[in-house]
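Note sheet for the following structure.
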Amino acid sequence: MLTPARHVQRIASELKNDLCPPEDNAVNDAAPPAQGDNQDELRNNAVHVIPNDPLNQVNNNRGGVPIDPLDVALRIVPARDGNVCQCHFGLGRRGNFVFYFRELNHPMCIAMRQKDEVDGSVVVNIKTREGRLLAVLERRPGCLHYVASTADGDSEIFAMDASSKDAVVVLPRINEIDAVERMMRPYEPRSRRDSIANQLHRPDLKRVMPFQERSEPAWTYDRCVTWCRANGRCASEMATKLLLVGSRHDKPLLMMAPLPTKNELYILDFAYPISPLQAFAIGLSALDRQRHFLQPRREMP
Numbered sequence: 001m002l003t004p005a006r007h008v009q010r011i012a013s014e015l016k017n018d019l020c021p022p023e024d025n026a027v028n029d030a031a032p033p034a035q036g037d038n039q040d041e042l043r044n045n046a047v048h049v050i051p052n053d054p055l056n057q058v059n060n061n062r063g064g065v066p067i068d069p070l071d072v073a074l075r076i077v078p079a080r081d082g083n084v085c086q087c088h089f090g091l092g093r094r095g096n097f098v099f100y101f102r103e104l105n106h107p108m109c110i111a112m113r114q115k116d117e118v119d120g121s122v123v124v125n126i127k128t129r130e131g132r133l134l135a136v137l138e139r140r141p142g143c144l145h146y147v148a149s150t151a152d153g154d155s156e157i158f159a160m161d162a163s164s165k166d167a168v169v170v171l172p173r174i175n176e177i178d179a180v181e182r183m184m185r186p187y188e189p190r191s192r193r194d195s196i197a198n199q200l201h202r203p204d205l206k207r208v209m210p211f212q213e214r215s216e217p218a219w220t221y222d223r224c225v226t227w228c229r230a231n232g233r234c235a236s237e238m239a240t241k242l243l244l245v246g247s248r249h250d251k252p253l254l255m256m257a258p259l260p261t262k263n264e265l266y267i268l269d270f271a272y273p274i275s276p277l278q279a280f281a282i283g284l285s286a287l288d289r290q291r292h293f294l295q296p297r298r299e300m301p
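Sequence positions in the sequence shown follow the UniProt record's numbering and run 1 to 301.
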């Protein structure tokens, strides 16, 4: 049993040559700052950095079957009563988005845009540095719905409706067994036409977990105190790009804001029941609302 910070640090050290080849400059511009750097500037920009241990315990074996260490690191969910998981993601030189745990300087996964010449769609493939596909993020045609699916394309792990001022997000519900092991689970459709996007407006609470964006004001006193006590970082009202709270309470569960000391680098802090892979998909979807780098497939005549 290892704490995730040590577990992932060991993995990154063992795979350093594979994860970070010296000739690859795609992620240089998105490298996260050292934890002690530019603290005065952070304070002046109302971003409060609080060190934390994002996850409590990781079990590297599930049912006796070894799990890929990167899958553990990216799919494990923070403890229900644990601290906020602090991460960063940013834009590299080649236009790829790079996702980091704050404790590590090595990227955990990369999001690459891919265009389909037939239907004109542009999706984002989230991959490991070794090129193994983890998830695909797409924008659905005819609406501002974002959906992320696992590598096989059949298992959905996230949906967002960004058509209104305050976005709505749904994730597959974690059952009691998953809550013990704290592993992300995919959505379980009940028919061929059933999609997690169908749960955005009338969610079945037995199947999904809904979240609501909060804005104007995003940071009330109670939200800020609750978030900071859990070792989350609070940004200024204008800087906050996304703040998600639970549907049944006003407790913050995910915060995204640009890091003022680094261009094209974003803070992405999140808590139970959101996994790192889901948080990355949420952050990319929130960014697409302004950047429009995703394109839905064209409706065929």
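Glycine included, each C-beta is placed from N, C-alpha and C at the ideal position.
Segment contact, 8 Å Cβ cut-off, at least three pairs: the segment 154–169 with the segment 280–298 = Short answer: they touch.
Flag this pair as touching only if the segment 131–148 and the segment 195–212 have three or more C-beta atom pairs under 8 Å; answer yes or no.
-> Between the segment 131–148 and the segment 195–212 there are three or more inter-stretch CB-CB distances shorter than 8 Å, so the stretches are counted as touching.
Excluding sequence positions up to five away, which residues of its chain have a Cβ less than 8 Å from the Cβ of Gly120?
-> Here residue 120 corresponds to residue number 120 of the sequence shown, with the count starting at 1. Excluding positions up to five away in sequence, the list reads Gln295, Arg297, Arg298.
Note down, in chain order, each residue of its chain lying with its Cβ closer than 7 Å to the Cβ of Thr150, except the 5 sequence neighbours on either side.
-> Here residue 150 corresponds to residue number 150 of the sequence shown, with the count starting at 1. Closer than 7 Å at the Cβ level, and outside the excluded window around Thr150, lie Ala135, Ile157, Pro186.
Which whole runs of the beta strand (DSSP E) in the UniProt domain "Tubby C-terminal" (170–288) are 3 residues long or more, in chain order?
-> Positions of the beta strand (DSSP E) runs, each at least 3 residues long and wholly inside the UniProt domain "Tubby C-terminal" (170–288), are given as 208–213, 242–246, 252–258, 265–270 in order along the chain.
Measuring CB to CB, does Val84 end up less than 7 Å from Ala257?
-> Here residue 84 is taken as the residue at index 84 of the sequence shown, counted from 1. Here residue 257 is taken as the residue at index 257 of the sequence shown, counted from 1. The answer is no: Cβ separation not under 7 Å.
Does DSSP classify Arg113 as helix, strand or coil?
-> For the purposes of this step, residue 113 is identified with residue 113 of the sequence shown, where counting begins at 1. If DSSP states are grouped into helix, strand and coil, Arg113 belongs with the strands.
What's the gap between the Cα of Arg207 and the Cα of Asn175?
-> Position 207 of the sequence shown holds residue 207. Position 175 of the sequence shown holds residue 175. Going by the C-alpha atoms only, they are around 9 Å apart.
Could you check where the beta strand (DSSP E) with Gly90 kicks off and where it finishes?
-> In the sequence shown, counting from the first residue as 1, residue 90 sits at position 90. Start and end: 85–91.
Which class does Val72 belong to by DSSP, given the choice of helix, strand or coil?
-> Translated into the one-based positions of the sequence shown, residue 72 becomes position 72. If DSSP states are grouped into helix, strand and coil, Val72 belongs with the helices.
Name the DSSP beta bridge partners of Phe293, please?
-> The residue you call residue 293 lines up with position 293 of the sequence shown. Beta-bridge partners of Phe293 (DSSP): none assigned.
Any idea what DSSP makes of Ser149, helix, strand or coil?
-> By 1-based counting over the sequence shown, the position of residue 149 is 149. Here Ser149 carries a strand assignment [DSSP, helix/strand/coil].
Give me the Cβ distance between Leu277 and Arg75, rounded to the nearest whole Å; I'm assuming they're in contact under 8 Å.
-> The residue labelled residue 277 in the question sits at position 277 within the sequence shown. The residue labelled residue 75 in the question sits at position 75 within the sequence shown. With a Cβ gap of about 6 Å, Leu277 and Arg75 count as contacting.
Cβ of Leu242 within 7 Å of Cβ of Ala286?
-> Here residue 242 refers to the residue found at position 242 when the sequence shown is read from its first residue. Here residue 286 refers to the residue found at position 286 when the sequence shown is read from its first residue. Going by C-beta atoms, Leu242 is nearer than 7 Å to Ala286.
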